[in-house]
Amino acid sequence: MLEVQNLSMRFGGLLAVDQVSLDVREHEIVAIIGPNGAGKTTVFNCMSGFYKPTGGKILFKGGEIQGKPDYKISRLGLVRTFQHVRLFSRMTVVENLLVAQHRHLNTNLLSGILNTPNYREKEQKSLDRAAYWLDRVGLTDMANREAGNLAYGQQRRLEIARCMVTEPKLLMLDEPAAGLNPAETKDLNQLIISLKEDYNVSVVLIEHDMSLVMDISDRINVINQGRPLASGTPDEIRRNDDVIKAYLGEA
Amino acid sequence: MQDLLYFIQQLINGLTIGSTYALIAIGYTMVYGIIGMINFAHGEIYMIGAYTALIAITGLAALGIAWLPLILIVALVCAMIVSSSMGWAVERVAYRPVRGKHRLIPLISAIGMSIFLQNYVHLAQGSRNIGFPALIEGGFRFGAEDSFQTSITYMQITIFATTLVCMTILSLFISRSRIGRACRAVSQDLGMANLLGIDTNRIISATFVIGAALAAVAGLLLGMYYGSIDPLFGFIAGLKAFTAAVLGGIGSIPGAMLGGLILGVAESMTSGYLSGEYKDVVSFGLLILILLFKPTGLLGKPEVEKI
């Protein structure tokens with residue numbers, strides 16, 4: 001579904017990402033791990049169109065997407081979250097989910113002013129979808145609160161719900177468990193698995209929480225100092241000497 | 001008793017002017033809220049609204065139409081259409097190409113646009129004052145015959161009522177409609193809104209169009225209220241409305257409404273109790289004070305980054 005081939009990203013004299021390749025198949029959770037500063041988020045930024053890579057190719061559903069503007073990539077069904085929460089914090093929880101469906105509504109101004117049946121039907125549909133996802137991430141009671149007033153873990157879940165109402169094919173999560181307590185991480189764990197199982201979404205995630213990564217990933221890519229170090233199933237990665245060295249330092 | 005009547009008179013005058021400031025200020029505050037720039041050509045959009053209304057009124061008079069509601073509605077619709085198109089075109093031509101560049105660049109582009117539009121109207125319509133027919137005359141008077149009488153004219157009532165209707169529609173539009181929702185999202189995080197598939201260019205255009213339409217309403221109302229217009233008509237009104245927007249908290253729509261009313265009342269109180277010469281001193285003095293002591297304005301919220 002997604003294929004990254006020999007991706008390189010150079011900032012002036014710094015080669016932040018060097019010849020990284022990875023692929024994501026349908027119905028799969030792939031993790032990108034590596035020490036701090038390894039270039040994981042840079043890879044993400046290239047994939048989501050935030051940066052224009054200086055080398056390599058990124059194919060999504062067969063089409064090249066490297067260098068395309070981020071909003072075009074997201075319209076193809078490749079949506080991401082950021083390391084820090086980026087909700088519309090002064091809008092209510094349900095409004096956050098409605099506004100994300102703006103494009104899908106595809107109605108014009110006039111039908112809104114006249115409140116035509118067609119407009120109302122579409123509004124109702126997006127409201128239903130919002131309600132469904134609120135229930136799914138356990139935020140129904142918070143629907144009319146301002147998003148900025150939610151607890152951090154709830155904001156994280158709302159972000160995922162907001163991605164999901166756009167009906168993505170591939171979800172990219174940048175450190176989804178950062179700042180969550182163990183109970184919240186466990187909830188998140190189940191949520192991500194269910195995205196794959198029940199909604200047929202592939203997930204790429206960057207994560208430092210190893211228990212989460214090992215639990216849910218189908219495959220793991222390890223990056224160190226911008227270069228690919230290893231890739232394989234969680235078991236293979238756990239036994240890989242290079243990975244152990246990179247994480248623990250050479251003795 | 002007489003003092004009270006005098007005070008009430010100043011209050012009525014102030015609220016009248018203030019509500020038109022508020023109408024113009026909406027345009028400044030919405031544009032600032034969404035793309036963080038001051039649209040200095042907004043005063044000119046308002047002036048063009050007034051001219052268009054006058055042309056429409058003159059045209060209808062030439063056709064021999066004398067039914068007042070029809071004249072007002074046609075003038076209003078014409079002014080709104082022309083101003084909105086201008087607002088849209090100004091953004092498209094002068095601001096969109098320089099969006100995302102250094103902050104000063106759109107600002108200078110806006111000042112250039114303002115000078116251009118002003119001079120265009122100078123050339124097209126002449127630089128002298130043109131009389132604006134009052135159309136709505138008469139009013140109520142309160143107080144004894146032989147002493148000071150408070151008066152409230154039908155024109156003033158029209159201004160209040162129109163402003164109230166416009167503000168109500170705007171508030172409902174922003175809080176309820178799909179595009180209003182998208183406007184709020186874009187103003188909070190343009191990049192994210194873009195990522196979520198909102199056509200941010202269209203939303204930005206919509207903001208300019210809405211602001212310009214409200215300015216056109218103010219143009220018609222103030223043209224009738226003052227009785228004459230000239231190509232510089234938009235300049236001071238624009239500055240005042242900008243002050244109102246900053247006073248209320250730029251970026252905040254209720255702030256612009258409140259700021260307009262406060263500024264209008266402050267001005268009329270100064271003219272009534274001190275001297276008309278001082279009213280601009282007071283309004284721009286207020287601007288300086290607010291910038292010194294509460295730069296985010298009365299209703300503006302300071303941005304707090306949560307980490």
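From first to last, the protein sequence lines are chains A and B. Going by UniProt numbering, the residue at position 200 of the first sequence is 200; the numbering climbs one at a time, nothing skipped. Going by UniProt numbering, the residue at position 199 of the second sequence is 199; the numbering climbs one at a time, nothing skipped. Positions of the beta carbon are idealized from the N, C-alpha and C atoms, including for glycine.
Query: With C-beta atoms as the reference, is Q10(B) less than 8 angstroms away from G272(B)?; Result: yes
Query: Quick check on V165(A): does DSSP put it in helix, strand or coil?; Result: coil
Query: Under the assumption that R136(A) contacts A161(A) (Cβ atoms under 8 angstroms), give the Cβ distance between them as a whole number of angstroms.; Result: 7 angstroms
Query: Looking only at DSSP bridge pairs, what is D23(A) linked to?; Result: E3(A)
Query: Of all the CB atoms in chain A, is at least one closer than 8 angstroms to the CB of N201(B)?; Result: no
Query: To the nearest angstrom, report how far apart I237(A) and G100(B) are at their CA atoms.; Result: 44 angstroms
Query: Do you know whose CA, among G148(A), M9(A), I220(A), R25(A), lies nearest T45(A)'s CA?; Result: A small fix is needed here, since residue 45(A) is Asn in this sequence, not Thr. Answer by Cα proximity: M9(A).
Query: When you compare only the Cα positions, how much space is there between G259(B) and M172(A)?; Result: 44 angstroms
Query: Whole angstroms is fine: what's the gap from P97(B)'s alpha carbon to L117(B)'s?; Result: 19 angstroms
Query: Would you call the region 156-164 of chain B and the region 20-38 of chain A touching, i.e. three or more CB-CB distances under 8 angstroms?; Result: no
Query: Could you pull out every residue in the same chain whose Cβ sits closer than 7 angstroms to the Cβ of V282(B), ignoring the five residues on either side in sequence?; Result: A266, E267, T270
Query: What residue from Y51(B), M192(B), H102(B), G138(B) has the CA that sits closest to Q125(B)'s CA?; Result: Y51(B)
Query: Please report the residue range of the beta strand (DSSP E) in which Q220(A) lies.; Result: Per the sequence shown, residue 220(A) should be read as Ile rather than Gln. Its beta strand (DSSP E) spans residues 219-224.
Query: Taking only beta-carbon atoms, is M192(B) less than 8 angstroms away from chain A?; Result: yes
Query: Helix or strand or just coil, what does DSSP make of I55(B)?; Result: helix
Query: Rounded to a whole number of angstroms, what is the C-alpha to C-alpha distance between L229(A) and V93(B)?; Result: 50 angstroms
Query: At a CB-CB cut-off below 9 angstroms, which residues of chain B make contact with D70(A)?; Result: G191, N194, L195
Query: Which of helix, strand or coil does DSSP assign to T296(B)?; Result: coil
Query: Name, please, each residue of chain A whose Cβ falls closer than 8 angstroms to the Cβ of A215(B).; Result: Residues of chain A passing the Cβ test: none, with the nearest at roughly 19 angstroms.
Query: Under 8 angstroms, Cβ to Cβ, is there at least one residue of chain A near I198(B)?; Result: yes
Query: Which runs of the beta strand (DSSP E) at least 3 residues long sit entirely within the region 79-112 of chain B? Give them in chain order.; Result: none
Query: M224(B) and I136(B): beta carbons closer than 8 angstroms?; Result: yes
Query: So the alpha helix (DSSP H) M172(A) belongs to, where does it begin and stop?; Result: Here M172(A) belongs to no alpha helix (DSSP H); instead the beta strand (DSSP E) covers 170-174.
Query: Distance, Cα to Cα, Y32(B) vs T16(B)?; Result: 25 angstroms
Query: What are the boundary residues of the alpha helix (DSSP H) that includes R136(A)?; Result: 117-136
Query: Using a C-beta cutoff of 8 angstroms, does R141(B) count as contacting chain A?; Result: no
Query: What's the gap between the Cα of A110(B) and the Cα of H122(B)?; Result: 18 angstroms
Query: Just grab the DSSP bridge partners of L205(A) for me.; Result: A31(A), L173(A)
Query: Between the C-alpha atoms of E146(A) and F88(A), what's the straight-line distance to the nearest angstrom?; Result: 9 angstroms
Query: What is the DSSP secondary structure of R184(B), reduced to helix, strand or coil?; Result: helix
Query: Counting only the same chain and skipping the five closest in sequence on each side, list residues whose C-beta sits under 7 angstroms from that of M113(B).; Result: A41, V90, A94
Query: Under the assumption that T29(B) contacts A256(B) (Cβ atoms under 8 angstroms), give the Cβ distance between them as a whole number of angstroms.; Result: 4 angstroms
Query: Where do the N-terminal and C-terminal ends of the alpha helix (DSSP H) with A230(A) fall, by residue?; Result: Unbroken run through A230(A) is the beta strand (DSSP E), 227-232; no alpha helix (DSSP H).
Query: Per DSSP, what kind of secondary structure is G223(B) in: helix, strand or coil?; Result: helix
Query: Bridge partners of M9(A), per DSSP?; Result: V17(A)
Query: Closest to L14(A) by CA distance: which of V24(A), A246(A), Q225(A) is it?; Result: Q225(A)
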